[in-house]
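Input: a single structure, listed below in structure tokens.
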Amino acid sequence: SWDEIVETLQGAPDSTNTELGGYVREFESRVRQDMDKIYTRLDDEQTERQLLAGRLNMRQTVISELLRLDHRRSTETLELRTALQGQITALQGQVTALQAQVAT
593 SWDEIVETLQ GAPDSTNTEL GGYVREFESR VRQDMDKIYT RLDDEQTERQ
643 LLAGRLNMRQ TVISELLRLD HRRSTETLEL RTALQGQITA LQGQVTALQA
693 QVAT
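Numbering follows our numbering, with no gaps: position 41 of the sequence shown is 633.
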């Protein structure tokens, strides 16, 4: 247990304490290095997430613009179709009138 380790170390000679101090410094150094690696990785992941979010926003903007253009073209197509149907109806009327004139 930790208590036993502490009791053993409290009665240890100075050379053991010096060795222990070295181990503690090495441990601290490794922990610091590991933490630096973790923070670097977190920063990298955060940067990657921001890049992905930017790309997603750009694609959403493009999709919105394409949908807007599609709607506009659909509206224009419907208006042209309606106008064309009106012209066809008018031509049919003229053909009918001409046929009536020819028949008389």
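By construction, the Cβ of each residue, glycine as well, lies at the ideal position given by its N, Cα and C atoms.
Rounded C-alpha distance that separates residue i from residue j
i	j	result
Glu671	Gln691	30 Å
Leu707	Leu634	In the structure as shown, the chain starts at 593 and stops at 696, and residue 707 therefore has no counterpart that could be examined.
Arg673	Leu683	15 Å
Chain-order list of residues whose beta-carbon lies under 6 Å from that of residue i (same chain, five-residue window excluded)
i	result
Asp626	none
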